[in-house]
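K.L.:
Would you mind keeping the following structure in view while I ask a few things?
Protein chains: 2
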Amino acid sequence: MAFTVTPWEVSGAIDYDKLVEQFGVSRIGPGLLKRIEAHAAKKGLPLHHMLRRNIFFAHRDLKWILDEYEKGNRFFLYTGRGPSGSTHIGHLIPWLFTKWLQDVFDVELYFQLTDDEKFLFNPKLELEDTQRLAMENALDVIAVGFKQGKTHIFSNTGYAKTLYPQACRVAKKLTFSTAKAVFGFGNDSNVGQIFFTSMQAVPAFLPSVQAGRNIPCLIPHAIDQDPHFRVTRDIMPRMGYYKPASVQCRFLPGLTEDGKMSASKADTAIYTTDDARTVRKKVLKHAFSGGQPTVEEHRAKGGDPDIDVSYQWLTFLEENDAKLTQVYHDYKSGRLLSGELKLMLVEKLNGLLTGHQKRREQARKRLDDFWVKD
Amino acid sequence: MAFTVTPWEVSGAIDYDKLVEQFGVSRIGPGLLKRIEAHAAKKGLPLHHMLRRNIFFAHRDLKWILDEYEKGNRFFLYTGRGPSGSTHIGHLIPWLFTKWLQDVFDVELYFQLTDDEKFLFNPKLELEDTQRLAMENALDVIAVGFKQGKTHIFSNTGYAKTLYPQACRVAKKLTFSTAKAVFGFGNDSNVGQIFFTSMQAVPAFLPSVQAGRNIPCLIPHAIDQDPHFRVTRDIMPRMGYYKPASVQCRFLPGLTEDGKMSASKADTAIYTTDDARTVRKKVLKHAFSGGQPTVEEHRAKGGDPDIDVSYQWLTFLEENDAKLTQVYHDYKSGRLLSGELKLMLVEKLNGLLTGHQKRREQARKRLDDFWVKD
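Chains E and C, in that order, give the protein sequences.
Under our numbering, the letters of the first sequence match residues 1 to 374, in that order.
Under our numbering, the letters of the second sequence match residues 1 to 374, in that order.
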């Protein structure tokens, strides 16, 4: 089946094995998991369920990052968000994992909001829109619980005096021919789109520039952003910096369909600001079910958790393995009905969002403690 | 004869008639000159000799600028410099004229130093080099005598927080296909070069953005920069702004040859920091002469002022028409020797540079009064 995964389009039923091959990333094997688990244990934490369940499933140079860390050469984390709309649960997935990495390794995080990108690539958005959305999205980032003082959030236009000169250094080493090959640019592409990846590269070496020494960088991100970081990895050694390492996650499927959840299709997304009633309504109404048409049939034949979106979402959100396994078997055997499964997801989501929304409101007053500008 | 005039290369014997046709600019006719002369007269000034002598020879929409001005709709001036080396006499030519425009029309001037461009286009320059040169060049700009409080000098990297977001607005409306057609970009071009013209467009509308109303813009510049402003003129109306008007000058020939004076070939240039002895030595040694091989022959046959570089330079620098005409006839008749003509140029240059160098040193303390940054 055809699928597309680029930084600007994710659609179709994604074959992650093919992506691994196509992008040239590596699977995260048991050896790496064990090493990360050992570091987590020192902080009294279990291995993150997104690693246990292969949700963060691929990487580049993660072994090197751990080698350096174990030698005392601490890395920093870099991730980001394209502010094209409100934050939804799909966006939170890599951020929750990134917070865990910050907790385990006690490292700095640089969080880039690409308001320039979303303006350049979306005909319907003005710069004022993406700048406003960047500030709104930043509230969600802070609400995730990143460490104050070690977390630096910025938008590209708000931090352009620092970022643009460094982006020029990247751009000078990136030919149109390479950009075209990686991103598929053509005659119709605007010149800002063609330049943009230079801006996304900068946070991978900016802390090294600012510190005056080479610091390893680890980028947790959804796999669609990998083309940007392939380019970054190609150029940074030619500028005298380490290649950034990265760790990639799968996409949380949309409520109604396969593929990446889309903020522009309201039905397929649960927003971080949805209230409990809305969440319940959306899940009950829209979550694609792997159950049988009638209760009788379901009890007799059982449901299919592997295609059931509510179950899939629980694999991203339910930390307790035993509980999740129980759900899987109960659903498959028909003991658990589709409606009941959906309500389990609703409860999980509303539990997560209640805390998130409270912290998100408090974040309005804390923005200055995290926000970096020129 | 073949010649090339692009923003990044000027070479060969330039046919300005062909350029007018190729670029689609208009000749400045007697009607326009008369109108400008009338404005100058109100300030007690004659029409500038660079207009009288067709050195500023072409324009776009100059009539419209005067119409608006006469209706009370004041324009602002925008010009700039690519800081790839030290300032030489060739750079001063359009600046001297721009100062005159500022004096006559009493308007604001925005002066852009494109340190990003020179870094992106010159493989030998680092960003630190072009940033340093931008500051050095700014001293020359101030030394020209622009009005404090009405003159705003900035470098692209130093003002990037303001410029980059606006450049993105331009870039969104500029396809690769257009940039390729205008500038000749190809697969080998770096992505910063492709984006750059967006940065050069910004000062043509930034004052309108900042004032919240549409203000006409007049750009005095050497004709090689016209491709940038063709693009700017195409895009600005689509952003809701006036097309910027422009007025173009010829190039001061190099001391030794035809074409544009080049800061990278020291023999062909007189730098603003050259002392009197150096100027004398350079002119006497290198200025291409239209005279005869021997004094006897010169007295008998006369010299050719039309190919004599010293005479050509005087047409750019000597304000007195009668004096210049006298020189022309004296040289042509053989009464004036090549060495004597050269010494007249030396005197003119050193007169200009003595004052310039004094003001240039004073400018170090005045930089903050002119320099705009984020």
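Virtual Cβ for every residue (Gly too), placed ideally from N, Cα, C.
Since the structure is predicted, the reported quantities are computational estimates derived from the model, not experimental observations.
Taking only beta-carbon positions, decide if E:A171 is within less than 8 Å of chain C.
P.N.:
By this cut-off, E:A171 is an interface position.
K.L.:
Could you tell me whether any Cβ in chain E is nearer than 8 Å to the Cβ of C:N137?
P.N.:
Not an interface residue.
K.L.:
In chain order, what residues of the same chain have a beta carbon less than 6 Å from the beta carbon of E:L133, not counting five sequence neighbours either side?
P.N.:
Closer than 6 Å at Cβ, skipping near neighbours: P83.
K.L.:
Closer than 7 Å between beta carbons: that is the criterion. Which residues of the region 187-207 of chain C meet it against chain E?
P.N.:
Listed by position along the chain: N187, D188, S189, N190, V191, G192, I194, F195 and S198.
K.L.:
Alpha carbon to alpha carbon, what distance is there between C:K118 and E:Q357?
P.N.:
Cα-Cα distance, rounded: 48 Å.
K.L.:
Is it right to say C:D368 is buried, meaning 16 or more other beta carbons lie within 10 angstroms of its own, or is it exposed?
P.N.:
With fewer than 16 other Cβ atoms within 10 Å, it is exposed.
K.L.:
Does the Cβ-Cβ distance between E:P30 and E:Q225 come in under 8 Å?
P.N.:
No; because the gap between Cβ atoms is not below 8 Å, this pair is not in contact.
K.L.:
Hey, out of C:H228, C:Y16 and C:Y110, whose CA is closest to C:I194's CA?
P.N.:
For the residues C:H228, C:Y16 and C:Y110, the minimum Cα distance to C:I194 belongs to C:H228.
K.L.:
Counting only the same chain and skipping the five closest in sequence on each side, list residues whose C-beta sits under 7 Å from that of C:V141.
P.N.:
If we look at C:V141 and ignore the five residues flanking it on each side, its Cβ neighbours are W95, F111 and I153.
K.L.:
With 7 Å as the limit, tell me which residues of the region 118-150 of chain E have their beta carbon closer than that to any beta carbon of chain C; keep them in chain order.
P.N.:
Here the close residues are F119, L120 and L127.
K.L.:
In angstroms, rounded to a whole number, what distance separates the CA positions of E:V346 and E:N122?
P.N.:
Using only the alpha carbons, I get a separation of about 32 Å.
K.L.:
Is the Cβ-Cβ distance between C:S246 and C:L218 less than 8 Å?
P.N.:
In this structure, C:L218 lies closer than 8 Å to C:S246 by Cβ.
K.L.:
Which class does E:G80 belong to by DSSP, given the choice of helix, strand or coil?
P.N.:
Correct three-state label for E:G80: strand.
K.L.:
Suppose contacts are defined by Cβ-Cβ distances below 8 Å. Is C:Y69 in contact with C:F75 by that definition?
P.N.:
Yes, they are a contact pair.
K.L.:
Note down the Cα distance separating E:F23 from E:D17, rounded to an integer number of angstroms.
P.N.:
Cα to Cα, E:F23 sits roughly 10 Å from E:D17.
K.L.:
Between the Cα of E:T256 and the Cα atoms of E:S289, E:E126 and E:Q248, which residue gives the shortest distance?
P.N.:
The option with the nearest alpha carbon to E:T256 is E:S289.
K.L.:
For a contact defined as C-beta to C-beta under 8 Å, what are the partners of C:S84 on chain E?
P.N.:
Those within 8 Å of C:S84 in chain E number zero; the least Cβ separation is about 14 Å.
K.L.:
On the DSSP bridge list, what partners appear for E:L113?
P.N.:
According to DSSP, E:L113 bridges with E:R81 and E:S155.
K.L.:
Anything in chain C within Cβ reach of E:A160, meaning under 7 Å, just list it in chain order.
P.N.:
Simply A160, K161, Y164 and P165.
K.L.:
Of the choices C:M239, C:F176 and C:R250, whose alpha-carbon is the least far from that of C:Q166?
P.N.:
Among C:M239, C:F176 and C:R250, the Cα nearest to that of C:Q166 belongs to C:M239.
K.L.:
Residues of chain D with CB under 9 Å from C:L174, in chain order?
P.N.:
Among the chains of the structure shown, chain D does not appear; the protein chains present are E and C.
K.L.:
Consider the Cβ of E:T157: report whether some Cβ of chain C lies at a distance smaller than 8 Å.
P.N.:
By this cut-off, E:T157 is an interface position.
K.L.:
If you reduce the DSSP assignment to three classes, tell me which class C:Q166 lands in.
P.N.:
C:Q166: helix per DSSP, three-state reduction.
K.L.:
Using the three-state DSSP reduction, which class does E:P216 fall into: helix, strand or coil?
P.N.:
Reduced to three states, the DSSP call for E:P216 is coil.
K.L.:
Assign E:P220 to one of two classes, buried (16 or more other C-beta atoms within 10 Å of its C-beta) or exposed (fewer than that).
P.N.:
Classification of E:P220: buried, given that the 10 Å Cβ count is 16 or more.
K.L.:
Examine the ligand SAH and report whether any of its heavy atoms sits within less than 7 Å of the Cβ of C:T278.
P.N.:
The ligand SAH is absent from the structure shown, which contains no ligand whatsoever.
K.L.:
In chain order, what residues of the same chain have a beta carbon less than 6 Å from the beta carbon of C:R359, not counting five sequence neighbours either side?
P.N.:
Here the set comprises A143.
K.L.:
By Cβ distance, which residues of its chain are closer than 8 Å to C:R364, with the 5 residues on each side in sequence left out?
P.N.:
Around C:R364: L139.
K.L.:
Tell me which residues share the same chain as C:F376 and place their Cβ nearer than 7 Å to its Cβ, disregarding the 5 neighbours each side in the sequence.
P.N.:
Any question about residue 376 of chain C goes unanswered here, given that chain C covers just 1 to 374.
K.L.:
Give a yes or no on contact between the region 172-186 of chain C and the region 194-208 of chain C, applying the rule of three or more CB pairs nearer than 8 Å.
P.N.:
Yes: at least three Cβ pairs fall under 8 Å.
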